[in-house]
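Residue numbers (the working numbering), protein chains in the order written: chain U, 2 to 806; chain C, -8 to 335. Glycine residues also receive a C-beta, built at the ideal position from the N, C-alpha and C atoms. The structure appears right after this line, and notes come after that.
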Amino acid sequence: MKVSLSWIKDYVDLTLTPRELAEKLTMAGLEVNAIETIGGTWDNIVVGQIETIDPHPNADRLRLVTVNTGKDSITVVCGAPNIMPSQKVAFASLGARLRDGHTGKSEILKTAKIRGVVSTGMICSEMELGISDDHEGILVMSPEAPVGMSLEEYLGDTILNLEITPNRPDCMSIIGIAREIAALTGEELHLSETPYEESGTTIDSQVSVDIAEPDLCPRYCASLVRGVKSAPSPDWLQQRLRNCGMRPISNIVDITNYVMLEYGQPLHSFDYHKLSKGKDTSPTQVIVRCARKGESMTSLDEVERTLNASTLVIADREKPVAIAGIMGGRDAEVTGETSAILLESANFERIAIRRASSDFQLRSEASIRFDKGLNPGLTMPALKRATQLMLELAGGEATRGTIDVYPARAKAEPIIFPTSQVERLTGMKISHDQITQTLTSLGFDCEETSPSQVSVSVPYWRSDIKSSADLVEEVTRIVGYDKVPLTRLSSPLPPEQAASGRDFIHKIRSSLVGFGLQEILSYSLVSLENLQHLFPSRELKVLPVKVANPMTREQEYLRTSLRAGLLSTLSRNQRHGSGGLELFEIGKVFMPQEDDLPREEEQLCIILSGSEGEPSWHGNNKPVDFFHAKGIVEALANQMEIKVQFEPCDDEGLVQRVSANVSDENGKLGVIGLLHPRVTEAFELSCEAYLIEIDLERARRNAGRPKAYQTISRFPIVPRDIALIVNEETTYQQITDIVQNFPLVKETVLFDLYRGEQIPQGKKSFALRITYQSPGRTLTDEEVEQVQKQMLDKLNQKLSAILRS
Amino acid sequence: MLEELEKLQLQAFAELESAVDSRELEQWRICYLGKKSRLTQVLRSLSTLPLDERRNTGARANTIKKSLENALEERGHSLETSRLVLSLENKRVDITLPGYPMPIGRSHPTTQTIEEICQVFQKMGFQVFEGPDVEWDYYNFEALNIPADHPARDMFATFWIDSNRGKRNRLLRTHTSPMQIRVMEHTPPPIRIIVPGRCYRYEATDTTHESMFYQVEGLAVDKNITMADLKGTLFDFCRCIFGEERKVRFRCDYFPFVEPGVEIAIECLACHGNGCRICGYSGWIEILGAGMVNPDVLRRVGIDPEVYSGFAFGLGVERVPMLRYGIDDIRLFYNNDIRFLRQF
């Protein structure tokens, strides 16, 4: 919200520079985003008066205009269409800094020859002065503008741009901000009555107001002013509106806007004579009701709007004349001919405003204020101020009395406030007296009920204050958050809760990073299409959880698998020409549950593609394969003390004979394998890729801790290398199952697998290093030979394995 | 005889110089110092000489023997040294050839930041908890003093799963604050927790907005917890993360579930408080929203606000690396371009 400091000065003396003030307001919860100086660059610009207007000898559209600058008369060339004799204008003499009307750049004014005539000055538009983007014509000021006064003195201002938090609708007003400044700087707030003269018969005999929806309209106030004359507003008022971001229109409309900015209460003026009269003698009826089925209204912006049964409207006897708090209707619009106005200052409930605002896609300064929730107490002071200004600036006479329909008057209970609460909650010592003084400066009424307790009555404009904690904040922010001391938590530590899965996941992640894998984090929301791609031949078993209001189709469903995110990431990166990529993600998948939150499961997914490691001159750079993936799983399992097995699997996204279920004694933990070519293709991968998927929650439950320490044998190990020729169908597992069961065998390592020359067709050769060791003695060669012989016999007998010589 | 010995010595030295390996050295030793060498013969025959000659010749012969032995040893050493030098010379490498590449993996910058943040708070006795990404309206809004139609709901553009079941509406949490409620519902004070997690906002994305981001929530509830504790804790945090010298600002702000409310900002890292584009020319960067837990919130979870008080805070995770490394587009984080991720 834009706040004019010259306007603020009407209500409080400013003792700080704008910068200091901005700092104070920001600290107290009213964040100042920007400080804007209007007129700071207006050197050499004064209020001038037009004396004569003559045709330009060489151009039809241009005129030669003589301007009285207070010191002398200067003739300039001017092309503005709205120029008239005796107008008061902003006159820039040479050297002035102006914004170029077309380019918007700031430039110094120099002598110019325009169509053969020398021009030594310029009559400025609003745009050239930098006060708006209007470049249609020159800025015309009111006749009272003093000729020769510097424009900065006349119209200059400093504007603070404030960010108002939703709890402070009272601060969406000049008076609200002035009150804060007064409290923060210890100055007095100058709030005066707004008296005006009334005459004639009472308003009650001319207007009656009915609130049919008291829940949506807690209060409706109105006054009636007859004999107004529509005219432009005075310069100061126009300038204040402009500086606060509103366009001046005419005095009657401007006054309602002006009072809205000043008091924070939106107002509306109806042309009284355009409201349906009924019988001559009865008062004009105004009804606050919901629209009827089929009703419509043309709003001020010339749009025919179909109203619905939940639209709160202001209606006369026959028809809606305004959408409450949002926009007036054209039928009762104030125009240049208007002579009597019904001035409305009403309170509407947030919900009605919010509904209409979204139904009609209309947001205005008024709707924004109602939407924050205004207090009904505000309507009458604002109405009186607007009526006063109306008489002052638009003439006319105020009808005796005001309308005030207030069905829902609520009496606010005072808050019992033990002043020790301030120290209890902030740790800051503030005296009882300072606390009450501070609250009083903000408009709270403090009544001492005991030496340490006050009963605080909350002023009507502070609907946000409900409890003593709220009062603590009020005191603290005015005293200053910077005064709050710094302490450290001193209470004893809470008992340690059962360790979450976090440590486990941290360990897994560190290992994977240690193995050289790159972690990614991808979106939880994915497209249905991508999830379907993962399972090439059939429909998804369960439909994932869908977001009701997705931003895009790419992010519409909560992922049920991490695969889609990883594969898309891999694909994107391959396009950048990254070679071998080994990526992983640890994250949640979301399994739908009927009428409940989805089950969120932590998973690990790894994707390996290209070659293992970087290409290097020593040439250790093989393409990744199944065993690369398996090695990662085995290493993780080893670290987590999980005994895993690999069994054939039928995962649809993987190639059947190149994939495996990873399980332990309690069941399946995940899968590994070669990505099915159809998946590879769907995600537009440039090469084949291996995938690992592990359910981390299950893995964590099954993870063990290191077992009891085992003594390291003092006796030497005896290694023996053997090569076995076996049938192609024989698996390595079958061999080790036999070998490992022999006594004294400590370890078996496969160091070569060979097919080819010297090996018959349909056979293969396993080269094993078997390590023997006894925990209790040094083994003799004979002993080892004997065990190995028995082993070979058994291998031969069970698997037809032959020792390769 | 003495003369002969002198000659022998000269000859021996000369020959030793030309010996180039251990074999030649051994030949030389046999020749000049061996049992059958002239020197040994002389020394053996000393007893046959007259007494005065015996003493002279003996002394001299022994000196020569010593000096030959020394020379042999020296020559041996020097040959050994040059042999080693030569053999090492043959091992020489081009030290500018690249090393064999070790696989280098990294965790995501967001993960790294969360770990770092959690560690700072863990040292202060906070325990790490996590909560669900999909939440009930009740936990995300209602219980945090943001009922339906509350103007503060505008602060949280929401992805909804359901839209018409009120408190039973499901949504993607817009902040990590729901975990405050979940934890307080089940844990009597004292409570000291932090909650890292994913959050979601229904917002058009741009350089500073993402529809998905991470927050870390904090909550401490006990007897006698004050705003001063909040300030001390979070100032410590800011200095740990952004450096001892970094100026920190503690100002009033509004969040429906805390009262008094606080915003903590640090001096802009880019302009050191002078004002620049990054800090919106204010010199300050907002880092944390915080405050004392609103008494209504405590009451709702059955904690008596007259007995207990507490503070809560929340911070955006991505902000930290963005400021530190000058990352000017938040969308880089979850786009997962390897060329970006590998920089951290």
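At the 8 Å Cβ level, is residue i part of the contact set with chain C, yes or no?
i, result
"H629 (chain U)", "no"
"K3 (chain U)", "no"
"R168 (chain U)", "The sequence given here has Asn at residue 168 (chain U), not Arg. It does; some Cβ of chain C falls within 8 Å."
"I416 (chain U)", "no"
"L379 (chain U)", "no"
"T159 (chain U)", "no"
"L522 (chain U)", "yes"
"G515 (chain U)", "yes"
Under the DSSP definition of a beta bridge, which residues are partnered with residue i?
i, result
"V663 (chain U)", "U:F647 and U:G671"
"G307 (chain C)", "C:Q206"
"G280 (chain C)", "C:E254 and C:G305"
"A60 (chain U)", "U:H57"
"E449 (chain U)", "U:V455"
"M142 (chain U)", "U:K89"
"H200 (chain C)", "C:D197"
Got a sec: is the Cβ-Cβ distance from residue i to anything in chain U below 8 Å?
i, result
"R330 (chain C)", "yes"
"A88 (chain C)", "First, the amino acid is wrong: residue 88 (chain C) is Leu here, not Ala. Output row for L88 (chain C): interface = yes."
"S202 (chain C)", "yes"
"I152 (chain C)", "yes"
"Y91 (chain C)", "yes"
"N285 (chain C)", "yes"
"P312 (chain C)", "no"
"V125 (chain C)", "yes"
"K238 (chain C)", "no"
"P138 (chain C)", "no"
Relative to the C-alpha of residue i, which candidate in the options has its C-alpha closest?
i, options, result
"V66 (chain U)", "U:K72, U:V48 and U:M85", "U:M85"
"G149 (chain U)", "U:S74, U:M328 and U:D317", "U:S74"
"Y193 (chain C)", "C:V298, C:N285 and C:H166", "C:H166"
"E208 (chain C)", "C:V308, C:N215, C:F147 and C:R45", "C:V308"
"I172 (chain C)", "C:Y129, C:S202, C:R189 and C:E201", "C:Y129"
"N131 (chain C)", "C:F150, C:V311, C:P251 and C:F120", "C:F150"
"T712 (chain U)", "U:Y733, U:P776 and U:N742", "U:P776"
"N162 (chain U)", "U:L26, U:S687 and U:R600", "U:L26"
"R600 (chain U)", "U:I607, U:M592 and U:C606", "U:M592"
"K114 (chain C)", "C:R183, C:T54, C:V253 and C:T178", "C:R183"
"G41 (chain U)", "U:G378, U:E21 and U:I132", "U:I132"
"F418 (chain U)", "U:W462, U:M381, U:T380 and U:E475", "U:E475"
"L532 (chain U)", "U:I250, U:R554, U:M247 and U:R770", "U:R554"
"V13 (chain U)", "U:A768, U:S442, U:P460 and U:Y691", "U:S442"
"I152 (chain C)", "U:Y524, U:L440, U:V254 and U:V548", "U:V548"
Just checking my contact of residue i with residue j at CB under 8 Å: how many whole Å lie between their CB atoms?
i, j, result
"F536 (chain U)", "E653 (chain U)", "5 Å"
"M28 (chain U)", "G481 (chain U)", "6 Å"
"K747 (chain U)", "T772 (chain U)", "5 Å"
"G301 (chain C)", "G280 (chain C)", "So it is not a contact: roughly 15 Å between Cβ atoms."
"Q207 (chain U)", "L190 (chain U)", "Not quite, the Cβ-Cβ distance comes to about 36 Å (not below 8 Å), so this is no contact."
"N1 (chain U)", "G96 (chain U)", "Lying before the first or after the last residue shown, residue 1 (chain U) is absent from chain U, which here runs from 2 to 806."
"M218 (chain C)", "V485 (chain U)", "5 Å"
"G588 (chain U)", "L559 (chain U)", "Their Cβ separation, rounded to whole angstroms, is 11 Å, which puts G588 (chain U) and L559 (chain U) out of contact at 8 Å."
"Y691 (chain U)", "V625 (chain U)", "6 Å"
Exercise. Would you say the stretch 265 to 280 of chain U touches the stretch 334 to 341 of chain U, given that touching needs at least three Cβ pairs under 8 Å?
Worked result: yes
Exercise. Does the stretch 598 to 618 of chain U come close enough to the stretch 85 to 94 of chain C to have 3 or more Cβ pairs within less than 8 Å?
Worked result: yes
Exercise. Can at least three beta-carbon pairs, one atom from the stretch 190 to 197 of chain U and one from the stretch 448 to 457 of chain U, be found at a separation below 8 Å?
Worked result: no
For this session: Assess, as a yes-or-no matter, whether the stretch 655 to 663 of chain U is touched by the stretch 711 to 730 of chain U under the definition of 3 or more beta carbon pairs within less than 8 Å.
Result: no
Exercise. Counting pairs of beta carbons, one from the stretch 311 to 329 of chain U and one from the stretch 345 to 360 of chain U, are three or more of them closer than 8 Å?
Worked result: yes
Problem set entry | Touch test, the stretch 165 to 173 of chain U against the stretch 131 to 139 of chain U, Cβ-Cβ under 8 Å, three pairs minimum | no
Exercise. Within the chosen definition, does the stretch 14 to 31 of chain C reach the stretch 57 to 64 of chain C through at least 3 CB pairs nearer than 8 Å?
Worked result: yes
Exercise. For the stretch 312 to 322 of chain U against the stretch 231 to 249 of chain U, are there 3 or more C-beta pairs whose distance is under 8 Å?
Worked result: no
For this session: Take every Cβ of the stretch 409 to 427 of chain U, pair it with every Cβ of the stretch 459 to 478 of chain U, and state whether three or more of those distances are shorter than 8 Å.
Result: yes
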